[in-house]
Amino acid sequence: MRSVGLYIHIPFCARKCNYCDFYSLACAKKNNLSDYVSIICSQIEKEAHLYRDCIFDTIFLGGGTPSLLSGEDIIRLFDAIRANLAVSEDAEISIEANPGTIDESKLSAYRVCGINRISIGLQSSHDSDLCTLGRIHTLGEFEKSYALVKGAGFENINIDIMYALPSQSIEALVQTVDYVAHLNPTHISAYCLKIEDGTPFSKMELDLPSEDAQFDMYMALCKRLSALGFEQYEISNFAKKGARCVHNLKYWLSKEYVGFGPSAHSFFDGVRYFYDDSLDSYMSAIKDGALPEKHIEEMSALSDEEKMDEYVMLALRLCDGISKKDFSSRFGIEFEDAYEIQKYLDSGHIAFDGGSYHFTSQGFFVSNYILSNMLKTI
Numbered sequence: 026m027r028s029v030g031l032y033i034h035i036p037f038c039a040r041k042c043n044y045c046d047f048y049s050l051a052c053a054k055k056n057n058l059s060d061y062v063s064i065i066c067s068q069i070e071k072e073a074h075l076y077r078d079c080i081f082d083t084i085f086l087g088g089g090t091p092s093l094l095s096g097e098d099i100i101r102l103f104d105a106i107r108a109n110l111a112v113s114e115d116a117e118i119s120i121e122a123n124p125g126t127i128d129e130s131k132l133s134a135y136r137v138c139g140i141n142r143i144s145i146g147l148q149s150s151h152d153s154d155l156c157t158l159g160r161i162h163t164l165g166e167f168e169k170s171y172a173l174v175k176g177a178g179f180e181n182i183n184i185d186i187m188y189a190l191p192s193q194s195i196e197a198l199v200q201t202v203d204y205v206a207h208l209n210p211t212h213i214s215a216y217c218l219k220i221e222d223g224t225p226f227s228k229m230e231l232d233l234p235s236e237d238a239q240f241d242m243y244m245a246l247c248k249r250l251s252a253l254g255f256e257q258y259e260i261s262n263f264a265k266k267g268a269r270c271v272h273n274l275k276y277w278l279s280k281e282y283v284g285f286g287p288s289a290h291s292f293f294d295g296v297r298y299f300y301d302d303s304l305d306s307y308m309s310a311i312k313d314g315a316l317p318e319k320h321i322e323e324m325s326a327l328s329d330e331e332k333m334d335e336y337v338m339l340a341l342r343l344c345d346g347i348s349k350k351d352f353s354s355r356f357g358i359e360f361e362d363a364y365e366i367q368k369y370l371d372s373g374h375i376a377f378d379g380g381s382y383h384f385t386s387q388g389f390f391v392s393n394y395i396l397s398n399m400l401k402t403i
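Sequential numbering from 26 applies to the sequence shown in my numbering.
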């Protein structure tokens, strides 16, 4: 049996945040959510034959806001998953949740379904930041939700935070980091605010930190989280020992995963494909007895150079970096001969530990710039 990850996109939010460019729609009607769950269940049943030789060892419900779904709909969804797909007994099963959208009844349903990891979006411990970001919750509401999650017996918890927010100081960021770390989650994700086209933020006059200030913020949070016992294992992700997100590692290590829902991506049988960002077309196709169109990129069509560039781009996201031995075994060439990296070793942006090359913290912050110069096809 091949180990595969399962991703299900829940494209609904109580309200769109000012910075968000993920595919999601504001939705307050319970019937719309239930109809969508029925559609996903139907597609899983129709496509189950494709995955007869697979065992799903990670499941991730992302969004959007999956915690908008009722407990009954969550149970119905997992009943369909387990009735049609082989799920590992020790699978990592994650759900994203927003403060103010979870209650004891939903958390009880999560336990029944085998959900064992919850990712909660806080973003900042300052109510002024939450208001600017357009979040639906206050810090007090986050604290109530976090207490409910802990009280329900969940131990594997991620908390999302953001930095480089409008008018944010390093001191305010460190306050957020300290606040979150002392709640003792097993995992913290820290994302730099990016202003994306089409978002409300893209149309606003914002007092954003300079690039130098963003770098100082990133280095400060990395240093602080390390001192508080969190291992950085990816550009934006920090974990207690043994608590790395196994599902997300599948993306970065080019392992197989299957996605359901509009805008969801998959990598399966050597093929990458995705669905359109359209809830209407996705649901209409399945209601009509068909399946939504898959936009396919066949990996076999990629040149050896393109495959090598993709591997490097993904592997260097991780602190483990690129193993010399693994690289030469995969591609028949030494990493140092394939890419010009000496100047980044000299500048301290890349380090070599005797077996692997990896970004330093300074390198992580400018990794997009470095990769755009290193890689030949991406």
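Every residue, glycine too, gets a C-beta built ideally from N, C-alpha and C.
Residues sharing a beta bridge with residue i, DSSP
i: VAL112; result: PHE81
i: PHE384; result: ILE375
i: CYS38; result: ALA51
i: ALA122; result: ILE145
i: GLU256; result: ALA264
i: GLU322; result: ARG297
i: PHE285; result: ILE33
i: PHE292; result: TYR282, ARG297
i: SER28; result: ILE80
i: LEU86; result: ILE33, ILE120
i: LEU343; result: GLU259
Cβ-based neighbour list, residue i, same chain, cut-off 7 Å, excluding 5 preceding and 5 following
i: GLN200; result: SER150
i: PRO191; result: THR157, LEU231, ASP232, LEU233
i: ILE321; result: VAL296, TYR298
i: SER397; result: none
i: ASN393; result: none
i: GLU331; result: THR402
i: SER227; result: ILE220, GLU221
i: ASP152; result: THR163, LEU164
i: GLN387; result: GLY373, HIS374
Start and end residues, beta strand (DSSP E) containing residue i
i: SER397; result: Taken as a continuous stretch (DSSP letters only), SER397 belongs to no beta strand (DSSP E), being part of the alpha helix (DSSP H) at 392-399.
i: MET187; result: 182-188
i: ALA215; result: 212-217
Whole-angstrom C-beta distance between residue j and residue i, which should lie under 8 Å
i: ASN411; j: ILE213; result: With the chain running from 26 to 403 in the structure shown, residue 411 is simply not present.
i: ILE100; j: ALA134; result: 5 Å
i: CYS38; j: GLY87; result: Actually they do not touch by this definition, with Cβ atoms about 12 Å apart.
i: ALA206; j: LEU253; result: 4 Å
i: GLY223; j: HIS34; result: That belief does not hold up - the Cβ atoms of GLY223 and HIS34 are roughly 18 Å apart, past 8 Å.
i: ALA111; j: CYS79; result: 7 Å
i: VAL337; j: TYR364; result: 7 Å
i: GLU281; j: ARG77; result: Going by Cβ atoms, the distance from GLU281 to ARG77 rounds to 14 Å, so no, they are not a contact pair.
i: LEU304; j: PRO36; result: 6 Å
Delimiting residues of the alpha helix (DSSP H) encompassing residue i
i: GLY176; result: 164-176
i: ASN273; result: 271-277
i: SER354; result: 349-356
i: TYR135; result: 129-138
i: ALA197; result: 195-206
i: LYS312; result: 304-312
i: CYS156; result: 152-158
i: PHE179; result: Segment: none, PHE179 is in no alpha helix (DSSP H) and carries neither H nor E.
i: TYR44; result: Unbroken run through TYR44: none, as it is neither H nor E.
i: MET229; result: Counting along the chain, MET229 falls outside any alpha helix (DSSP H), and DSSP gives it neither H nor E.
i: TYR364; result: Per DSSP, TYR364 belongs to no alpha helix (DSSP H) and is neither H nor E.
Neighbourhood of residue i by C-beta, 8 Å cutoff - its chain only, sequence neighbours within 5 removed
i: TRP277; result: GLU259, LEU339, ALA340, ARG342, LEU343
i: LYS219; result: TYR44
i: ASP345; result: TYR258, SER381, HIS383
i: MET229; result: ASN43
i: GLY178; result: ARG136
Contact set for residue i: own chain, Cβ-Cβ below 6 Å, skip 5 residues either direction
i: PHE240; result: PHE390
i: SER170; result: PRO124, ILE127
i: LYS265; result: THR211
i: PHE167; result: PRO124, LEU147
i: ILE140; result: ILE118, ILE120
Within-9 Å CB hit, residue i to chain B
i: PRO124; result: Absent from the structure: chain B. Only one protein chain is present.
Would you call the stretch 352-372 and the stretch 304-323 touching, i.e. three or more CB-CB distances under 8 Å?
The stretch 352-372 vs the stretch 304-323: no contact.
Assess, as a yes-or-no matter, whether the stretch 243-252 is touched by the stretch 371-382 under the definition of 3 or more beta carbon pairs within less than 8 Å.
no
Is it true that the stretch 69-86 meets the stretch 38-55, where meeting means three or more beta-carbon pairs spaced less than 8 Å apart?
no
Decide yes or no for the touch test of the stretch 59-77 against the stretch 100-109: beta carbon pairs closer than 8 Å, at least 3 of them.
yes
Do the stretch 87-96 and the stretch 54-61 make contact, defined as three or more Cβ pairs closer than 8 Å?
yes
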